[in-house]
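Have a look at the structure below before the remarks.
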Amino acid sequence: MDKRQKRKVWLGVAGGLFVLAAILMLTGQGEDAPPEAPKVEFPRRMRAPERERAERRRTQVVPTLAVQDAGPAEPARPRDPLLAALPRGKGKTAVVIEANALRHSPIGELLLACLMRDGGKQLEEIRKASGVDPLQDLDRLVVTDEGLMLSGNFAGARFQELLGERVSFDYGQGARIYEPGETNLPQQDGSNVRRRGPGGALGTWNNQLLVVGKTPDEVKAAIDRLEGRGGDEPPLLTENNTYGEMYGVLSVEDIARLFPPEQAELAQRLRTVAQNVELHMDASSDVALVAEVTGANASDVEDLGKSLGAALSLARLQAQAGGDKDKDLAQLLDFAKVRPDGDSFTLEMAVPLAIIQERLAFCREERKDETAKDLAPSAAAAPSAPDAATEGVPAPPGE
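In this note's numbering, the protein residues as written are 64 to 462.
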């Protein structure tokens, strides 16, 4: 290659570098990029693991009756007994907490550290008294209008010992009901009247479901729904709703009660416009919450969503101006937003895991301190190891 050809090559390389430098200058790639806002994944639909989980829970088959002149009944599809036992109808509340999944989530580990600050002593007492290990045997916990439901493995539970003073009897196909027994109540005239004792009722079903209600009738109603003796109202939750570490349906009235007094007008609008509130919370990483509000009139629902969005924006500005005392609220409202969608809108809120770790850090510190206290007496009582230089050497006279 002669000198003229080499000069053309170097001019071409220099020209290319000049063009690249100009592009970088114009596009700003040579500057530091602004920090990205943390991204939070919100629960909006079922994922593959949750669908597989729902399929594994189809363990109950309720036989269907054949209709005369209609031929044999079609075989019933297996279903999730817990979903079947939930209350039905409009205006009901049922919130499911996936206790086992939450236990193995990042926030669950943090909460467990707080629970185990005493070294697990209280948890061990619960295990011995009840025969149930909450960390291993409990699968789901449900809060409803009628009480509580728990699903899991209760084969080792000591219900008879724990509820010895209650009257128990079999009910339906696989349930047992425990209710308060009757006691003699003395009257002013010296006579006694037998009345049912205080306390609610409890029911067990096939060692995998526990129902707690205010009255025996509420517990029986849940068992009836579970075993196919309930009404024909649609279920409150279907399998398609069972995603997230917490999910369910909240009555509009229950939601309205959560509004502060200064938002009484907005709470009343919610009662008037909304028909249903569906809730989903994901805790697999950050804690992200989605609440979907639906109503009959799309225009009214849209106006309600706008009013709620404006209220959130105002609350965010007030919290940001409040200083350190409102820091937690401001961080919570940073991710709050309202997304309109025709006759419904979704409210999204989130708390990044880093913030939760910061707030619950004291649990780990207290647990370390408690462990150190437990080890201190044993360390002090243990005999010290003999000195290698003096081991086997007889003590001087007089010692």
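Ideal placement from N, C-alpha and C gives every residue a C-beta, glycine not left out.
Using beta-carbon positions only, say whether residue i and residue j come within less than 8 Å of one another.
i: Leu299; j: Arg151; result: yes
i: Val364; j: Ser407; result: yes
i: Asn304; j: Tyr310; result: yes
i: Ser362; j: Gln271; result: no
i: Ala413; j: Val103; result: yes
i: Ile170; j: Ala374; result: no
i: Ala378; j: Leu396; result: yes
i: Tyr234; j: Ile286; result: yes
Taking the alpha-carbon positions, what's the residue i to residue j distance?
i: Leu333; j: Arg221; result: 45 Å
i: Leu165; j: Asp196; result: 15 Å
i: Leu329; j: Asn269; result: 45 Å
i: Lys400; j: Ile240; result: 46 Å
i: Pro98; j: Gly294; result: In this prediction, Pro98 scores a pLDDT of 49, lower than 50, which makes its location untrustworthy; the coordinate-derived value is nonetheless stated afterwards. Their Cα atoms are separated by approximately 56 Å.
i: Asp200; j: Gln326; result: 42 Å
i: Glu464; j: Asn360; result: Because residue 464 is not part of the residues shown, which for the chain are 64 to 462, the question remains open.
i: Leu289; j: Ala111; result: 26 Å
i: Ala384; j: Ala393; result: 9 Å
i: Pro403; j: Gly194; result: 49 Å
i: Asp391; j: Pro415; result: 11 Å
i: Ala238; j: Val340; result: 32 Å
i: Val315; j: Thr122; result: 32 Å
i: Ser370; j: Ala354; result: 16 Å
i: Glu187; j: Asp181; result: 11 Å
Please look up how many angstroms separate the CB atoms of residue i and residue j, rounded, as I've assumed it's under 8 Å.
i: Ala176; j: Cys426; result: 5 Å
i: Val312; j: Thr156; result: 7 Å
i: Leu173; j: Ile419; result: 6 Å
i: Ala212; j: Ala148; result: This sequence places Met at residue 212; Ala is not what is there. About 6 Å separates the two Cβ atoms, so the contact holds.
i: Leu145; j: Arg108; result: Not confirmed; about 21 Å, so no contact.
i: Pro106; j: Gly307; result: 4 Å
i: Gly358; j: Gln338; result: 5 Å
In the DSSP assignment, what are the bridge partners of residue i?
i: Phe408; result: Val356, Pro403
i: Gln123; result: Arg142
i: Tyr241; result: Ser231, Leu265
i: Glu341; result: Val312, Glu355
i: Thr207; result: Ala157, Gly210
i: Gly215; result: Leu201
i: Gly276; result: Gly210, Ala264
i: Arg151; result: Pro298
i: Ala413; result: Ala351
Taking only heavy atoms of the ligand ATP into account, decide whether any of them is closer than 7 Å to the Cβ of residue i.
i: Met344; result: The ligand content of the structure shown is nil, which means the ligand ATP is not present either.
The stretch 311-323 touching the stretch 274-292, judged by at least three CB pairs closer than 8 Å: At 8 Å Cβ cutoff, the stretches do not touch.
At least three beta-carbon pairs within less than 8 Å, the stretch 280-298 to the stretch 223-230: Contact annotation: the stretch 280-298 does not touch the stretch 223-230, with fewer than three C-beta pairs closer than 8 Å.
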